[in-house]
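Pasting the structure below:
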């Protein structure tokens with residue numbers, strides 16, 4: 074029997090720090106909702122806008138898979154592993170924090186904002202050696218189809234993390250539909266609409282809405298308008 078949880082865009086946590094305008098799909102920092110702590114192993118889905126020249130100072134993480142997807146502008150990254158890189162719209166970055174890392178992130182541009190999604194997934198294994206990976210995607214590969222951007226193995230498409238998870242990005246024209254079949258039994262799917270309107274088995278979603286679905290095998294996904302969305306297949310239990 075399929076189960077769902079709907080998170081409308083206007084029910085998310087919101088924090089406007091001036092330099093950072095952040096929306097939280099799940100409890101984060103000062104925003105706590107006991108019904109919105111996580112979806113399976115998906116712990117954080119933050120929708121951030123960073124003002125020009127601003128950013129996050131050096132701060133620590135451990136035992137978390139941290140995925141960053143820039144949506145607009147650039148994000149400069151430095152970490153305690155010696156990585157220094159700039160990621161932009163079209164890139165995907167992942168850090169396996171493992172035994173512990175420190176990093177900073179900031180908008181290097183002085184004339185435009187940076188918009189990004191930051192996603193935290195609980196890892197399958199604790200205390201792994203920290204690692205960093207960054208790739209550039211071809212946006213044509215998601216036009217009216219699902220573009221895999223993350224998986225559990227380096228042999229597959231996209232970045233990889235220490236978890237049995239698969240992420241896909243899509244950009245559909247109005248009326249385009251597809252079916253999504255779970256890659257691993259017991260997983261669930263969290264859908265996040267970046268723009269437009271999408272129906273998931275006839276459940277209508279609008280821009281920045283989220284829908285978690287579990288106890289199913291296959292779902293129908295249809296773009297009611299031109300739409301962009303992110304699919305995150307996640308283990309429901311560790």
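Residue numbers (the working numbering): 74 to 311. Beta carbons: idealized from backbone N, C-alpha and C, even for Gly.
Query: Straight-line gap, residue 170 to residue 135 (C-alpha atoms, nearest Å); Result: 5 Å
Query: Neighbour-count burial assignment, residue 199, 16 or more Cβ in a 10 Å radius; Result: exposed
Query: Neighbourhood of residue 176 by C-beta, 6 Å cutoff - its chain only, sequence neighbours within 5 removed; Result: 152
Query: Three or more C-beta pairs below 8 Å linking the stretch 79-90 and the stretch 155-172; Result: no
Query: C-beta atoms of residue 307 and residue 127 nearer than 7 Å; Result: no
Query: Selected residue, minimal CA-CA separation from residue 112, among 77, 185 and 247; Result: 77
Query: Same chain, Cβ closer than 6 Å to residue 106, neighbours up to 5 away in sequence not counted; Result: 100
Query: Run of the beta strand (DSSP E) containing residue 260, from where it starts to where it stops; Result: 260-268
Query: Same chain, Cβ closer than 8 Å to residue 298, five either side skipped, listed in chain order; Result: 247, 269 and 270
Query: Residue 204, DSSP secondary structure in three states; Result: strand
Query: DSSP-derived helix/strand/coil call for residue 214; Result: helix
Query: Extent of the continuous beta strand (DSSP E) run through residue 291; Result: 291-296
Query: Alpha-carbon spacing of residue 142 relative to residue 74, whole angstroms; Result: 32 Å
Query: Residue 166 to residue 214 span [Cα, whole Å]; Result: 18 Å
Query: Candidates 138, 150, 92 and 137: closest to residue 123 by CA position; Result: 92
Query: Three-way DSSP call (helix, strand, coil) for residue 102 in this model; Result: coil
Query: Residue 217 versus residue 239 - alpha carbon distance; Result: 18 Å
Query: Touching by the beta-carbon criterion (3+ pairs, under 8 Å), the stretch 277-286 and the stretch 223-238; Result: no
Query: Whole-Å CB distance - residue 304 paired with residue 241, under 8 Å assumed; Result: 4 Å
Query: Residue 96 - partner residues in DSSP beta bridges; Result: 87 and 120
Query: Nearest candidate by alpha-carbon position, reference residue 265, set 164, 84 and 98; Result: 98
Query: Cut-off 6 Å between Cβ atoms - residues of its own chain near residue 109, not counting five sequence neighbours on either side; Result: 99 and 100
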